[in-house]
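What follows is a set of notes on a single structure, which appears directly below.
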Amino acid sequence: MATAKEGDNRSADIIKNWLRNRYTIEFLGTWEIIHNPDFKVVEFDHFRMSAGLPSFMLSASEWIERTNAVGIIVKKGRYGGSPQRYSLPFRSRIYFVSSMY
3 MATAKEGDNR
13 SADIIKNWLR
23 NRYTIEFLGT
33 WEIIHNPDFK
43 VVEFDHFRMS
53 AGLPSFMLSA
63 SEWIERTNAV
73 GIIVKKGRYG
83 GSPQRYSLPF
93 RSRIYFVSSM
103 Y
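In our numbering, the protein residues as written are 3 to 103.
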């Protein structure tokens with residue numbers, strides 16, 4: 003997704019900036035709570051409280067390791083470490099957005 007738009011060099015930075023957003027963290031956490039019984043909610047709360055602050059940085063690998071997430075899949079790139087594929091179904095996103103209203 004990010005590689006197609008910007009190339010291998012910047013794709014990791016694009017994903018990290020996307021994960022800094024508070025709404026992204028809340029969406030990912032809500033999806034994991036619904037679909038993943040092994041999700042670590044306490045770690046998610048820590049990320050949710052910190053998201054949006056200027057000093058907050060989060061990589062996809064760190065999100066997966068610390069929260070036991072299954073909705074994001076990280077595949078290492080050819081030149082080292084850029085996330086390549088996300089497995090969040092689009093229907094869940096529509097449900098989440100519509101449930102907020």
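Built from N, CA and C at the ideal position, the CB exists for glycine as well.
Restricting to Cα atoms, I'd like to know which of T69, I75, L55 and V76 is closest to Y25.
Locating residue 25 in the sequence shown gives position 23, where the first residue counts as 1. Measuring from the Cα of Y25, the nearest candidate turns out to be L55.
How big is the Cα-Cα spacing for E28 and E34?
Your numbering for residue 28 matches position 26 in the sequence shown. Your numbering for residue 34 matches position 32 in the sequence shown. Going from the Cα of E28 to the Cα of E34 covers about 10 Å.
Same chain, Cβ closer than 6 Å to D15, neighbours up to 5 away in sequence not counted:
Here residue 15 is taken as the residue at index 13 of the sequence shown, counted from 1. Around D15: no qualifying Cβ.
Look at the alpha carbon of S13 and the alpha carbon of H48, and state the distance between them as a whole number of angstroms.
By one-based count along the sequence shown, residue 13 stands at place 11. By one-based count along the sequence shown, residue 48 stands at place 46. Their Cα atoms are separated by approximately 25 Å.
CB contact check: V72 to chain D, cutoff 7 Å:
Absence of chain D from the displayed structure is noted, only one protein chain being present.
Contact under 7 Å by Cβ, R68 with E45:
Walking along the sequence shown from the start, residue 68 turns up at place 66. Walking along the sequence shown from the start, residue 45 turns up at place 43. Yes, Cβ-Cβ distance for R68 and E45 is below 7 Å.
Enclosing alpha helix (DSSP H) for D40 [first to last residue]:
On the sequence shown, position 38 is the one that residue 40 refers to. It is not in any alpha helix (DSSP H) - D40 carries neither H nor E in the DSSP assignment.
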